[in-house]
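Read the structure below first, then the notes.
Right, dumping it as structure tokens:
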């Protein structure tokens, strides 16, 4: 079977103009522009199977968008191979473009001054979707995303969240098999973020479409993606299950307890992070966690006990720090 | 070609809806079109109060030329200028990414992406004035002249469009170049008069650098039967060459496009 997405030794180097400060440098750059090579993506290898939902993580400027642009055919790789369903994206073949879609949280393709439904119609014509297929898909999207009241309003009258729902819908009218979602939840409130996440999950389950998603919100990634790819300074640092990321990059667990006796002495057990009267939390190395827990339960009168990994944000941050 | 009409149809409809939303524009446009046409006609009237011919052109012929001028102007303002203007904006803000990921010819999509339908008034006025010029002329226009006129008008359309595409394509490299279309507009105004009446240096600029001569003067010459075979052939050859060159240039531009940084 052909992988949905394949990248092999992908590199992208940009020539960026550089100029010094001040008017003299500005005048000089009018005539002679100096440029500098910036490696945005270095030797990226990845393979995504059809139907997978993969989270693509990295700080700003890590190379996420550059990689997505190479996979959607907007950028030509400097070297290396990019393939989507066996097509070379940069060739921008008709059959390839019919099967993908691109959603960018910071930009919209809906036309500003006219009702949403007319922008939908424009995409229907561009993608040559038949009327019957169009109506069927539209009905489904309207039901899933709750668009009923929005379709006949001009886009400029919609809230950010409403607009994003419509942006996602317009991008799916041709039933793409591959979704590139670049920060689709950016700027949305928590409820709307959750709704979009639920929608993406449902869409993936119903259609078997492959999804590559970038987001700065870990909640998106935790809810949607079993697998994550972490990219930093243009290179892939981690590619695997989210659980494994947690195991690999966290050496500690947080063990919290609730005691029946508020006066009990907890010194000598391990690194104590917080202590109130009945509550306490320890930071314990992973491999000692089991022994530590049984020791606590044996020695003390414990009402409640939880073992947790640190928040995913902290883990990701530690990944980036380790590579810096 | 079918693709063109299919897409043009939907964009035209959307353009119409867009403009209907702002009704006042229709009246402003009507006023503007009538006023500029009246001014132009009055200027011709003043000139011909002093003389019977201007560089060999009769009054009726100049009126036809003015008709062609408005016809071409209206067509540019109807779709070419708004669409390519929008394209240049999309290069700056990165929305072009959406256009380039669509399964349709990108050059076609950007060329017809926006219609200012009220500009059709200039086209209609141009046609009326053109017919007026032809009707008041001493001798009737022959079928052959009309046919040649049709050919030169098609060539004019192709030349002007290709010229605009080449200017707009520069946005792929220089990003902010909204002002570049001024190169065209500053020269186009000179097209109200036949380029043959201008001093040689200006005539060359209007023929070779900015193709105003081929856009307006040549079709008008065809109507008055003063077009030489050589000029006709150069108009057709230039049109064909520019269509291919602009297409090649556009593809080069798309290749080097890197997208606005996210």
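Protein chains in written order, with the numbering used here: chain A, 6 to 329; chain B, 361 to 622.
For each residue, glycine too, the CB sits at the ideal point set by N, CA and C.
Can you check DSSP and say which residues form a bridge with residue i?
i             : result
residue 109/A : 187/A
residue 617/B : DSSP, once it has assigned bridges, lists no residue as partnering residue 617/B.
residue 60/A  : 218/A and 233/A
residue 282/A : Answer is none; residue 282/A lacks a bridge partner.
residue 87/A  : 12/A
residue 287/A : 260/A and 277/A
residue 20/A  : 42/A
residue 417/B : 414/B
residue 311/A : 261/A
residue 463/B : Partner(s): none; residue 463/B has no beta bridge.
residue 51/A  : 12/A
residue 521/B : Looking at the DSSP assignment, residue 521/B forms no beta bridge with any residue, so it has no partner.
residue 120/A : 159/A
residue 240/A : 237/A
Within the same chain, show all residues whose beta-carbon is closer than 7 Å to that of residue i, passing over the 5 residues directly before and after it, in chain order.
i             : result
residue 489/B : 397, 423, 426, 427 and 430
residue 254/A : 320, 323 and 324
residue 529/B : 609, 610 and 613
residue 228/A : 202
residue 159/A : 118, 119 and 120
residue 277/A : 271, 285 and 287
residue 555/B : 563, 566, 567, 572, 573 and 577
residue 599/B : 515, 518 and 519
Below 8 Å CB to CB, which residues in the same chain sit around residue i once its five sequence neighbours on both sides are set aside?
i             : result
residue 153/A : 147
residue 64/A  : 237 and 325
residue 24/A  : 30, 31, 33, 34, 38 and 39
residue 445/B : 474, 538 and 541
residue 108/A : 172, 173, 176, 184, 185, 186, 187 and 189
residue 122/A : 156 and 157
residue 401/B : 423, 426 and 489
residue 390/B : 478 and 481
residue 363/B : 464, 465 and 468
Note down, in chain order, every chain B residue with its Cβ under 7 Å from the Cβ of residue i.
i             : result
residue 130/A : 366, 367 and 370
residue 103/A : 463
residue 127/A : 370 and 374
residue 123/A : 374 and 377
residue 99/A  : 463
Taking residue i as the query, report the chain A residues whose CB atoms sit under 9 Å from its CB, ordered along the chain.
i             : result
residue 454/B : 109, 111 and 112
residue 381/B : 118, 119 and 159
residue 327/B : The question about residue 327/B has no answer, for chain B in this structure spans 361 to 622.
I want to verify the contact list: residues of chain B whose CB lies under 9 Å from the CB of residue i, in sequence order.
i            : result
residue 78/A : 460 and 461
My guess is that residue i and residue j are in contact by the Cβ rule of under 8 Å, so how many angstroms apart are they, rounded?
i             : j             : result
residue 71/A  : residue 62/A  : Going by Cβ atoms, the distance from residue 71/A to residue 62/A rounds to 15 Å, so no, they are not a contact pair.
residue 609/B : residue 571/B : Not confirmed; about 15 Å, so no contact.
residue 616/B : residue 421/B : Contact doesn't hold; Cβ gap of about 46 Å is too wide.
residue 501/B : residue 494/B : 5 Å
residue 58/A  : residue 128/A : About 23 Å separates the two Cβ atoms, so there is no contact after all.
residue 454/B : residue 168/A : That pair is no contact at about 17 Å.
residue 8/A   : residue 54/A  : 6 Å
residue 313/A : residue 259/A : 5 Å
Just to confirm, are residue i and residue j a CB contact at a threshold of 8 Å?
i             : j             : result
residue 232/A : residue 222/A : no
residue 12/A  : residue 87/A  : yes
residue 367/B : residue 469/B : yes
residue 438/B : residue 512/B : no
residue 578/B : residue 595/B : yes
residue 527/B : residue 482/B : no
residue 132/A : residue 463/B : yes
residue 477/B : residue 376/B : yes
residue 244/A : residue 51/A  : yes
residue 142/A : residue 180/A : yes
residue 451/B : residue 532/B : yes
residue 130/A : residue 105/A : no
residue 543/B : residue 415/B : no
residue 443/B : residue 413/B : no
Report all residues from its chain with a CB closer than 6 Å to the CB of residue i; omit the five preceding and five following residues, and keep chain order.
i             : result
residue 48/A  : 14
residue 603/B : 518 and 522
residue 283/A : 263, 264 and 267
residue 92/A  : 98 and 101
residue 45/A  : 17, 19, 68, 71 and 239
residue 486/B : 427, 430, 431 and 434
residue 2/A   : With chain A covering only 6 through 329, there is no way to say anything about residue 2/A.
residue 607/B : none
residue 622/B : Caution applies to residue 622/B, whose pLDDT of 41 falls short of 50 and renders its modelled position unreliable; the model cannot decide the point.
List the residues of chain A that residue i touches, going by C-beta distances under 7 Å, in chain order.
i             : result
residue 378/B : 118 and 119
Taking Cβ-Cβ distances shorter than 8 Å, what residues in chain B pair up with residue i?
i            : result
residue 81/A : 615
Under 8 Å between beta-carbons, which chain A residues line up against residue i? List them in chain order, please.
i             : result
residue 531/B : Ordered by position in chain A, no residue passes the 8 Å Cβ test against residue 531/B, which lies about 15 Å from the chain.
residue 384/B : Chain A residues near residue 384/B: none, gap ~14 Å exceeds 8 Å.
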